[in-house]
Amino acid sequence: MTAAADLRFFPSADGDLAYLDTGSGDPVVLLHCGFVDHRFWADQIPALASRYRVIAPDVRGHGFSANATEPFRWPDDLAALLRHLDTGPAVLVGVSMGGVIVTDTALEHPELVRAVVTCGAATGDFQYQDPWTQEIGAEYARTLGAGDLEGWLAAFLRVVPGEHRSAADIDPRIMERLREMALHTITKHTPGETDWHVRVTDSWSRLPKIDVPLLALNGTLEPAELLDAAERLARTVPDGRTETIEGVGHYLNLEKPEEFNRILLDFLRSV
């Protein structure tokens, strides 16, 4: 995979942020998960761009976007991009880290949000407690601290099948796509560098203020505590709903893109 030829750059206050902007119509913003970039949405962008304006940023520190050199918040970066493009309110769609970004943006910049789809996430306040996910997190820290990129990539790719499957259960093309994107992002960083990201806090208590339609869409193979948190998210906002895709894990849009696209397009038509 290579960078899209029509990738554009937004000159933010702290470096250039990359984004793809294609199609026309009502805006839909796609926020990728951690360590990858806009190419994560390669199976969704063509399906959406025939009916919608699709904006797919590379989150700061990821893909082709600048690293942070000062404190920043994800939703503020996204809000600055949408204002730069003079667009919104938009439907925000995110997976994992991207799912946190979309709920954070709905809380912090509600005037820019028309609806929310969050996958593999709840809010930034949610933290995994299950031993398997915590072990992965510890392995990330150990390998990154040692500068062991191959060890880190191995841990990163274990998340694709999840706890109850193996890599042999996953299309190898998915693993290769994720590996290439993750290697590109992780090599932009150095062991021990400052983490400038500032989290949005107190999100659970503020969820009733999200007064736009919200869909929590997840694979059935996600950890039970994540599925419970997604149900809580959908229950707490005024107009929330949940759906699941059977037999997939954290990267549901990669494993079953046609089903993911169908559910997403149905939701978009309803808002």
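Numbering-wise (the UniProt record's numbering), the sequence shown opens with residue 1 and increments by one. Cβ atoms here follow ideal geometry from the backbone N, Cα and C, with glycine treated the same way.
Closest by C-alpha distance to Thr236, out of Leu207, Asn253 and Glu259, is Leu207.
Within its own chain, the residues whose Cβ lies closer than 6 Å to the Cβ of Glu139, once the five positions on either side in sequence are excluded, are Ala155, listed in chain order. Burial check for Gln127: the Cβ neighbour count within 10 Å stays below 16, so the residue is exposed. Fewer than three pairs of CB atoms, one per stretch, sit closer than 8 Å, so the segment 92-107 makes no contact with the segment 129-136. Closest option to Pro223, judged by alpha-carbon separation, among Thr244, Ile210, Leu215 and Arg179: Thr244.
One alpha carbon belongs to Ala66, the other to Glu180, and they sit about 18 Å apart.
Ala80 and Thr201 have their C-alpha atoms some 20 Å from each other. With contacts defined by Cβ atoms closer than 8 Å, Pro57 and Ala90 do not form a contacting pair. Beta-bridge annotation (DSSP): Thr133 is not paired with any residue. In this structure, DSSP gives Val93 an extended state, which the three-state scheme calls strand. Boundaries of the alpha helix (DSSP H) around Ser270: Pro257 to Ser270.
Per the DSSP secondary-structure output, Glu243 pairs in a beta bridge with Leu217. Per the C-alpha coordinates, the member of Gln134, Leu30 and Asp86 positioned closest to Val93 is Leu30. The three-state reading of DSSP puts Leu85 in coil, since its state is none of H, G, I, E or B. Collapsing the DSSP output to three states places Phe40 in a helix.
Under the three-state reduction of DSSP, Arg60 is assigned to coil, being neither helix nor strand.
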